[in-house]
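Comments concern the structure below.
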Ligand SMILES: Cc1cc2nc3c(=O)[nH]c(=O)nc-3n(C[C@H](O)[C@H](O)[C@H](O)COP(=O)(O)O)c2cc1C
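In the numbering used here, the protein residues as written are 4 to 407.
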């Protein structure tokens with residue numbers, strides 16, 4: 004599989020300036036074998052690299068909502084020996100079974116949500132022994148942690164043995180990336196989604212489930228870690244200060260702009276209710292020259308060439324189609340989507356890849372611009388700037404958290 008990917012995609016000496024990346028075929032419910040292989044390799048490589056040079060535990064974090072890549076990503080991650088799988092942005096009820104099936108060498112049948120079709124009518128099937136062949140090793144079943152924001156979802160998942168995770172990450176509204184929608188949708192005059200006190204997770208009710216849990220969202224300081232433990236949590240999950248560390252893939256200019264904005268208190272991270280075509284609120288760091296600027300976002304000629312966030316829907320001819328609210332409006336409408344749904348949507352696929360320096364250059368020369376996500380609470384970063392004025396590594400963050 005690695006040889007096939009290298010001979011197809013590797014360019015000796017790198018990608019010449021202005022040359023587009025080679026296209027890959029989109030994920031579907033019946034994906035091409037070459038696409039499955041790339042996703043398996045992606046999951047494998049992420050975990051393999053993260054495991055190099057230490058014997059600590061490594062987890063992989065996927066979005067439940069992006070179902071089409073889930074089985075192959077998890078297979079690749081498990082071949083590399085992933086210790087923990089974490090999944091939110093949806094109700095991750097099928098994941099315990101998926102992990103059990105992969106570890107037992109059974110074929111995975113992951114039910115796929117298809118707009119307009121009955122639940123459970125469509126599944127994405129993956130036979131690991133067919134994809135990997137005889138070299139498939141025996142796979143260890145990783146621990147599974149469900150990312151939740153409300154105790155109601157935690158209680159629902161905990162109730163039934165078939166869908167019960169091994170623990171929870173309880174993520175509050177300030178967390179970077181995608182957020183759970185607030186209970187009541189209030190949008191201010193700048194178009195920003197506001198959370199209220201009722202969106203704060205009820206930790207006492209989560210602790211009462213008697214399962215391990217970690218807190219996320221503005222929990223990345225030594226004080227927050229101590230408070231989390233006092234509330235019964237095992238620990239915390241941290242994103243923002245790792246994203247700002249020199250070990251993250253963020254383009255240096257972006258990292259520096261974020262740190263400058265934190266230093267002089269000018270950085271604003273908004274909860275954008277529309278930007279992500281998944282429909283989930285998405286934290287967008289407002290940085291000049293990026294897609295956070297609405298004029299730049301609207302000026303981007305729409306094109307859906309990566310398609311990771313496409314949602315399956317049932318076409319009138321009873322076949323599964325795929326659409327994304329950030330694709331060209333006329334195409335979305337041709338696929339029975341509504342024009343209203345396309346307003347304010349950013350191409351998160353291209354924006355995020357650009358934010359880590361892998362932005363596409365189109366044939367006509369158009370360069371995809373970054374979209375940057377970060378948590379809205381910059382308190383931890385401000386504290387770290389006092390200790391490390393010129394920036395920090397991931398190791399320094401961990402040391403600071405556990406030894407201060
Ligand atoms: C740059 C960035 C990317 C993230 N991407 C994901 C993701 O793909 N999936 C996910 O479940 N959480 C994602 N998160 C959320 C983190 O896993 C974590 O829960 C959150 O950042 C914790 O809150 P904090 O940002 O206040 O530290 C991301 C966070 C950041 C800052």
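Beta carbons: idealized from backbone N, C-alpha and C, even for Gly.
Taking the alpha-carbon positions, what's the residue i to residue j distance?
i: residue 161; j: residue 207; result: 15 Å
i: residue 37; j: residue 50; result: 20 Å
i: residue 122; j: residue 86; result: 31 Å
i: residue 131; j: residue 105; result: 7 Å
i: residue 12; j: residue 18; result: 10 Å
i: residue 182; j: residue 205; result: 16 Å
i: residue 240; j: residue 117; result: 31 Å
i: residue 167; j: residue 135; result: 29 Å
i: residue 171; j: residue 195; result: 28 Å
i: residue 385; j: residue 244; result: 10 Å
i: residue 234; j: residue 193; result: 35 Å
i: residue 305; j: residue 331; result: 5 Å
i: residue 370; j: residue 264; result: 25 Å
i: residue 333; j: residue 281; result: 19 Å
i: residue 294; j: residue 92; result: 22 Å
i: residue 357; j: residue 248; result: 18 Å
i: residue 223; j: residue 321; result: 48 Å
i: residue 107; j: residue 133; result: 14 Å
i: residue 142; j: residue 82; result: 6 Å
Any heavy atom of ligand 1 closer than 7 Å to the beta-carbon of residue i?
i: residue 417; result: Limits of the chain in this structure are 4 at one end and 407 at the other, which puts residue 417 out of reach.
i: residue 490; result: Not covered by the structure: residue 490. The range shown for the chain is 4 to 407.
i: residue 69; result: no
i: residue 78; result: no
i: residue 120; result: no
i: residue 174; result: yes
i: residue 293; result: no
i: residue 91; result: yes
i: residue 243; result: yes
i: residue 178; result: yes
i: residue 183; result: no
i: residue 41; result: no
i: residue 220; result: yes
i: residue 274; result: no
i: residue 240; result: yes
i: residue 150; result: yes
i: residue 349; result: no
i: residue 406; result: no
i: residue 380; result: yes
i: residue 21; result: no
i: residue 413; result: Past the edges of the chain, shown from 4 to 407, lies residue 413, and the structure says nothing about it.
i: residue 259; result: no
i: residue 282; result: no
i: residue 84; result: no
i: residue 223; result: yes
i: residue 103; result: no
i: residue 30; result: no
i: residue 377; result: yes
i: residue 64; result: yes
Please classify residue i as buried or exposed, where buried requires at least 16 other C-beta atoms within 10 Å of its C-beta.
i: residue 360; result: exposed
i: residue 79; result: buried
i: residue 259; result: exposed
i: residue 286; result: buried
i: residue 147; result: buried
i: residue 216; result: buried
i: residue 284; result: buried
i: residue 288; result: buried
i: residue 187; result: exposed
i: residue 68; result: buried
i: residue 342; result: exposed
i: residue 156; result: buried
i: residue 14; result: exposed
i: residue 152; result: buried
i: residue 154; result: buried
i: residue 345; result: buried
i: residue 390; result: exposed
i: residue 7; result: exposed
Using a Cβ cut-off of 8 Å (strictly closer), state whether residue i contacts chain D.
i: residue 393; result: The chain inventory of the structure shown lacks chain D, comprising one protein chain alone.
So does the stretch 116-134 actually touch the stretch 70-80, counting three or more Cβ pairs closer than 8 Å? yes
Counting beta carbon pairs with one atom in the stretch 299-311 and one in the stretch 375-382, are three or more of them shorter than 8 Å? no
Three or more C-beta pairs closer than 8 Å, one from the stretch 17-35 and one from the stretch 51-61: is that the case here? no
Would the stretch 305-323 count as touching the stretch 349-367 if we require 3 or more Cβ pairs under 8 Å? yes
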